[in-house]
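Quick notes on the structure that follows.
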Amino acid sequence: MALALTLGRRGLGRTWPNPAVGAVVVKNGIILGRGWTQPGGRPHAEIEALRRAGGAARGATLYVTLEPCSHYGKSPPCADTLVAAEIARVVSALEDPNPEVAGRGHARLRAAGIAVDIGTGADEAGRDHCGHIRRVRDGRPCVTLKLAVSADGKVGAAGRRPLAITGEPARERVHLMRAQSDAIMVGIGTALADDPMLTCRLPGMAKRSPVRIVLDSTLRVRLGSRLVRSAPEVPVWVVAGGQASETAKEALLRAGVVVLQAADRDGRIDLPAALKLIAARGITRLMVEGGPTLAAAFVAGDLVDEAVLFHSAKIAGDDGIDALDGLPLTALTQSPRLPRARGESVGADRYEVFARG
């Protein structure tokens, strides 16, 4: 199962709206086939593992990180394929919460005489499949909030000037996080101040860049910004409020930007509604990377599933920008909703993970 989980992570950020599943076919202690969900969500991991195992899969055990599907979608049910391959046993980490599956895959396997064990690696699989589970159960993506914080709790210099807080190893870790996310989100303040690209810049991984999303209530994002200019190569979605001008919207659409609207009664962006809107378009794993106003809104709204804090020994100064606008950092680091899960050093910096239990 540990191998299946590792294989499944190869698909993180590339399989949405489908979950990134891993599967391994084993017989007499020998690995016969390995598989993981392919880009775009198909073929499924089980099918890939069976294809590699071939006829040797007869009488073998399949380890899989999520219940095999039991319904017809764009491909036949994996449960039926496992029955046809004469698999003897299936060890499944989790039951799929998708109402179209929800135990039916396991039931179909048992009805065909296949032994089914559930729960091995369940905690780790739950973390890996957080996006799929959250989208199915709550209609929103699994949200990871990333902050790079100076020793005095700041994320930028005075006047919203950018500040290189962490070193290169930490920045490389952030780019890996981007590659494993379906989408990355920033507020319009960050988009205007930093003119970011928000792509994955690890060598050879440019194609793993996530959808870039900007929350921009009145559509102030500049047409000449790097985000807008690169929209034809890497998707850009802008979420507007209720008072955005049609002229600005049409200009963005002509530039290849997708414009969505999620407004509250006052015309401002309704954050929970925005999350449901992007989930409806298939996003399961969302990385929130800036800035302080947006981060504080996610924390205050109890919309963070995992927070990753990169800590630097650098000092920004009293006039630097606080990590959470209007909130102390302890609102995150001491939240009973997000207990500390783990931490380690990354070069000269360190990072901590706080995760919803």
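Per the numbering used here, residue 1349 is the first one in the sequence shown, and the count goes up by one each step.
Ideal Cβ positions, reconstructed from N, Cα and C, are used throughout, including at glycine.
Predicted, not measured: the structure shown is a model, and the values here were computed from it.
message: Looking only at its chain, what residues have a beta carbon closer than 7 angstroms to the beta carbon of Gly1407, apart from the 5 residues adjacent to it on each side?
response: The residue you call residue 1407 lines up with position 59 of the sequence shown. Lys1375, Glu1434 and Ala1436, listed in sequence order.
message: Relative to the C-alpha of Arg1690, which candidate in Gln1682, Leu1546, Phe1702 and Pro1684 has its C-alpha closest?
response: The sequence position of residue 1690 within the sequence shown is 342, counting from 1. With distances taken between Cα atoms, Arg1690 lies closest to Phe1702.
message: Let me make sure I understand the geometry here. Which of Arg1399, Ser1440, Val1449 and Val1439 has the alpha-carbon closest to that of Ala1432?
response: Walking along the sequence shown from the start, residue 1432 turns up at place 84. If you compare the alpha carbons of Arg1399, Ser1440, Val1449 and Val1439 with that of Ala1432, the shortest gap goes to Arg1399.
- prompt: In chain order, what residues of the same chain have a beta carbon less than 7 angstroms from the beta carbon of Ile1617, not counting five sequence neighbours either side?
  reply: Reading the sequence shown from its first residue, position 269 is the one you call residue 1617. Taken in chain order, the residues that qualify are Leu1563, Ser1565, Val1587, Gly1589, Ala1610 and Ala1611.
message: Out of Leu1575, Arg1574 and Val1569, which one is the CA nearest neighbour of Ser1593?
response: Stepping through the sequence shown from its first residue, residue 1593 is reached at position 245. By alpha-carbon distance to Ser1593, the top candidate from Leu1575, Arg1574 and Val1569 is Val1569.
- prompt: Run through DSSP, which three-state label would Glu1396 get?
  reply: Working through the sequence shown from its first residue, we reach residue 1396 at position 48. Helix at Glu1396.
- request: Name the one or two DSSP bridge partners that Ala1496 has.
  value: Position 148 of the sequence shown, counting from 1, holds the residue named residue 1496. DSSP, once it has assigned bridges, lists Phe1658 as partnering Ala1496.
message: Measuring alpha carbon to alpha carbon, tell me which residue in Val1656, Ala1352 and Arg1458 is nearest Arg1688.
response: As a working mapping, residue 1688 is identified with position 340 in the sequence shown. Of Val1656, Ala1352 and Arg1458, the residue nearest in Cα terms is Val1656.
- request: Following the continuous beta strand (DSSP E) through Arg1437, name the residue where it begins and the one where it ends.
  value: Stepping through the sequence shown from its first residue, residue 1437 is reached at position 89. Looking at the DSSP string, the run of the beta strand (DSSP E) that includes Arg1437 is Arg1437 to Ser1440.
- prompt: Which whole-angstrom value describes the C-beta separation of Ala1352 and Val1412, a residue pair presumed to lie in contact below a C-beta threshold of 8 angstroms?
  reply: Residue 1352 sits at position 4 when you count from the first residue of the sequence shown. Residue 1412 sits at position 64 when you count from the first residue of the sequence shown. So it is a contact: roughly 6 angstroms between Cβ atoms.
query: Going by DSSP, what residues sit across from Ser1693 in a beta bridge?
result: Translated into the one-based positions of the sequence shown, residue 1693 becomes position 345. Answer is Arg1698.
query: Helix or strand or just coil, what does DSSP make of Arg1613?
result: The sequence position of residue 1613 within the sequence shown is 265, counting from 1. Coil, per DSSP.
- prompt: Among residues of its own chain, excluding the 5 on either side of Gly1615, which ones have a beta-carbon nearer than 6 angstroms to its beta-carbon?
  reply: Position 267 of the sequence shown, counted from the first residue, corresponds to residue 1615. Excluding residues within five positions, the ones whose Cβ falls inside 6 angstroms are Gly1589, Gly1590 and Gln1591.
- prompt: What's the gap between the Cα of Arg1633 and the Cα of Thr1681?
  reply: Position 285 of the sequence shown, counted from the first residue, corresponds to residue 1633. Position 333 of the sequence shown, counted from the first residue, corresponds to residue 1681. About 22 angstroms.
- request: List the residues that DSSP assigns as beta-bridge partners of Ile1561.
  value: As a working mapping, residue 1561 is identified with position 213 in the sequence shown. Note: Ile1561 sits in a beta bridge opposite Met1533 and Trp1585.
- prompt: At which residues does the alpha helix (DSSP H) containing Gly1356 begin and terminate?
  reply: By 1-based counting over the sequence shown, the position of residue 1356 is 8. First-last of the alpha helix (DSSP H) with Gly1356: Ala1350 to Gly1356.
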